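From first to last, the protein sequence lines are chains A and B. Just so we're aligned, residue -11 is where the first sequence starts under the numbering used here, counting upward by one. Just so we're aligned, residue -11 is where the second sequence starts under the numbering used here, counting upward by one. From the three backbone atoms N, C-alpha and C, an ideal C-beta is built for every residue, glycine too. Just so it is clear, the structure is predicted and the values come from calculations on it, not from any experiment. What follows is a set of notes on a single structure, which appears directly below.
Number of protein chains: 2
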Amino acid sequence: MPKAFRPIGIFDSGIGGLTVARAISKRFPQHPLIYFGDTAHLPYGEKSPELIQHYAARITRELVDLGCGAIVIACNSASSNALKEVRSIAGASIPVIDVIQPVVEAVAQRFEGQSIGVIGTRATIDSGWYQRLLQERGCRVKAKATPLLASAIEEGFHAGKVSSTLIEAYLTKGAFDGIKALVLGCTHYPLISQEILSLLPEGVEVIDSADSVARALSDLSDDFAMGESDSQNPGLRRFIVSDLTRSFQLGAERFFGSPVILEERKLSGQA
Amino acid sequence: MPKAFRPIGIFDSGIGGLTVARAISKRFPQHPLIYFGDTAHLPYGEKSPELIQHYAARITRELVDLGCGAIVIACNSASSNALKEVRSIAGASIPVIDVIQPVVEAVAQRFEGQSIGVIGTRATIDSGWYQRLLQERGCRVKAKATPLLASAIEEGFHAGKVSSTLIEAYLTKGAFDGIKALVLGCTHYPLISQEILSLLPEGVEVIDSADSVARALSDLSDDFAMGESDSQNPGLRRFIVSDLTRSFQLGAERFFGSPVILEERKLSGQA
Chain A
-11 MPKAFRPIGI FDSGIGGLTV ARAISKRFPQ HPLIYFGDTA HLPYGEKSPE LIQHYAARIT
49 RELVDLGCGA IVIACNSASS NALKEVRSIA GASIPVIDVI QPVVEAVAQR FEGQSIGVIG
109 TRATIDSGWY QRLLQERGCR VKAKATPLLA SAIEEGFHAG KVSSTLIEAY LTKGAFDGIK
169 ALVLGCTHYP LISQEILSLL PEGVEVIDSA DSVARALSDL SDDFAMGESD SQNPGLRRFI
229 VSDLTRSFQL GAERFFGSPV ILEERKLSGQ A
Chain B
-11 MPKAFRPIGI FDSGIGGLTV ARAISKRFPQ HPLIYFGDTA HLPYGEKSPE LIQHYAARIT
49 RELVDLGCGA IVIACNSASS NALKEVRSIA GASIPVIDVI QPVVEAVAQR FEGQSIGVIG
109 TRATIDSGWY QRLLQERGCR VKAKATPLLA SAIEEGFHAG KVSSTLIEAY LTKGAFDGIK
169 ALVLGCTHYP LISQEILSLL PEGVEVIDSA DSVARALSDL SDDFAMGESD SQNPGLRRFI
229 VSDLTRSFQL GAERFFGSPV ILEERKLSGQ A
């Protein structure tokens, strides 16, 4: 199959990564996509690196078996803890895009030498991966785990008193004094980017990774670029979860921004 | 081994069930306990009944293999969705106490014919198990899923602005008008029972299940009662989790109310 028509495989621990799938499907409307949300094991954000690596490896195997031509790790906890494992299973012929390096690249270009804030799950922040990459690119970094935000958003608490109280609890007390930009290091957070912005000092930018990730796919090869233009014939999109509940079905649409039908597929050896 | 000295096996999806373990260890200070928190798969509250049954069955097998003489399901999501599976694996010789029937019994005796509120995870409330049991005992029931509460408490948000905003968001708008008592249908909630009480109309009682469950163990047999009295020789207590992180270690103490050392043990076939 020509590479351009092999599906882009996108995975996350749950449905938050649909914000990334949305940006990708907007940029590559003709390109087939397979989204895999590991809802049987979500959230990854509180799990140990070893367990995240184990889950991410298994999903990668599944996406490879499904014929994917590229893999996007649409989950910061997995990107920061399991990139090596995913790459090793994908092999040399299947490119892997994580959700962290493209945004670090974009941020570093604009904010070199300046102070950048990062928020994310505990697994993401504790890995130190954002901190290391941004520091290597000459940024100063203030990172903070904001573990309840993802579940709050998943529960539909955004643009309201609960989310604003929570954001305030996490962002205040000087944790991010002096930053020029705040990176949303979790694929759930774009849904509350406006609320976050309104609680930060004027002039601080809020940066999410979805567009940078979609752009990184474009840069991969001309094959992918082929899928970019014409939206007359939208590519086939499959949305798979490892455990299907009504609430995931309801939530999926909020994250993807248009109707989504989830199908359930147990991972081989899932337990 | 005499039954009285076989450990009581207690399990939950995470560390919330330590509130039940605490009540049990207070009542049976001499009795050995094995607590199993399935942190690799938490939270159960958002998972499908089938997956909860699968996890609960596997932990039960583990506790039976570890020689437990009784099993306590210290998790409402598992009690309401997997009691049959746990009983079937425990067999006739190992009694199983769930966290719902004892509290329903206690509530029904005091509030027959009256209106009772229940809050819990989505898996617990969607199962309809509390509603059915309380209605069979002549109570009227108002049940509501409050899915974010458990993770908020696990993150240390209690007795503060975040938890009170969240409780208010869940409990107001007349959801529980006219109730005489509110059952805390999740083993995390005892940590915020005072906050919940302060937001309910005067006279409404807040009821948690920990003491009823400990009492139910007493009623099981004289063997168990043997362990009740003398606290001179505290029984051996083991606290096992299927995925160990620093935050679980820190949280465990809050739920158990005294120092806890967690050990990690992968479940056989865990994936």
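Exercise for the section: Output the distance between the C-alpha atoms of B:ALA28 and B:VAL229, rounded to the nearest integer angstrom. Expected result: 8 Å
Practice task
Give a yes or no on whether 8 Å exceeds the smallest Cβ distance from B:GLU34 to chain A.
Solution key: Taking 8 Å as the threshold, the shortest C-beta distance from B:GLU34 to chain A falls below it.
Problem - 6 Å CB neighbourhood of B:VAL84 in its chain, flanking five on each side removed - result: ILE59, VAL74, ARG75 and ALA78
Problem - Close beta carbons around A:ALA9, own chain, < 7 Å, minus the five adjacent residues each side - result: ILE(-2), LEU21, TYR23, ALA62 and PHE244
Exercise for the section: Would you identify the three-state DSSP class for A:ALA133, choosing helix, strand or coil? Expected result: The answer is strand: DSSP assigns A:ALA133 an E or B state.
Handout entry: Reduced DSSP secondary structure (H/G/I, E/B, other) of A:ASP199
Key = Of the three classes helix, strand and coil, the one that applies to A:ASP199 here is helix, per DSSP.
Problem - Own chain residues within Cβ distance below 6 Å of A:LEU30, not counting five before or after - result: SER1 and GLY2
Problem - Pair within 8 Å by beta-carbon distance, A:VAL171 and A:ILE104 - result: yes
Practice task
Run down chain A in chain order and give the residues with a C-beta less than 7 Å from the C-beta of B:ARG280.
Solution key: Lying outside -11 to 259, the shown extent of chain B, residue 280 of chain B is not represented and no answer is given.
Handout entry: Neighbourhood of B:LEU137 by C-beta distance below 6 Å, restricted to the same chain and skipping five residues each side
Key = none
Exercise for the section: Taking all protein chains shown into account, decide if A:ALA80 is buried (16 or more other Cβ within 10 angstroms of its Cβ) or exposed. Expected result: exposed
Practice task
May I have the straight-line CA-CA distance separating B:ALA94 from B:LEU187, to the nearest angstrom?
Solution key: 23 Å
Problem - 7 Å CB neighbourhood of B:ASP86 in its chain, flanking five on each side removed - result: ILE61, SER67 and LEU71
Problem - As assigned by DSSP and simplified to three states, the class of A:PHE227 - result: Correct three-state label for A:PHE227: strand.
Problem - Residue-level contact to chain A via CB, B:PHE244, 8 Å cutoff - result: no
Handout entry: Local conformation of B:ARG(-6) per DSSP, three classes
Key = Coil.
Problem - For A:ARG242 and A:LEU179, believed in contact at Cβ under 8 Å, the rounded distance - result: 7 Å
Exercise for the section: Please check if any C-beta of chain B sits within less than 8 Å of the C-beta of A:ASP231. Expected result: yes
Handout entry: Contacts around B:PHE145, its chain only, beta-carbon distance under 6 Å, and the 5 residues preceding and following it disregarded
Key = Non-local beta-carbon contacts of B:PHE145 in its own chain, meaning distances under 6 Å to residues more than five positions away in sequence, involve SER151 in chain order.
Problem - Closer than 8 Å to chain B by CB, A:LYS149 - result: yes
Exercise for the section: Tell me, please, whether the stretch 126 to 143 of chain A touches the stretch 191 to 202 of chain A by the rule of three or more beta-carbon pairs shorter than 8 Å. Expected result: Note that the stretch 126 to 143 of chain A does not touch the stretch 191 to 202 of chain A; fewer than 3 beta-carbon pairs, one per stretch, sit closer than 8 Å.
Practice task
Alpha carbon to alpha carbon, how far is B:PRO189 from A:GLU142? Give it in angstroms, no decimals.
Solution key: CA-CA distance, A:GLU142 to B:PRO189, rounds to 30 Å.
Handout entry: Contact the stretch 33 to 41 of chain B vs the stretch 111 to 123 of chain B: 3+ CB pairs below 8 Å
Key = yes
Problem - Any C-beta of chain A under 8 Å from that of B:LEU21 - result: No, because no Cβ of chain A sits closer than 8 Å to the Cβ of B:LEU21.
Handout entry: Status (buried if at least 16 other CB within 10 Å, exposed otherwise) for A:THR175
Key = Under this definition A:THR175 is a buried residue.
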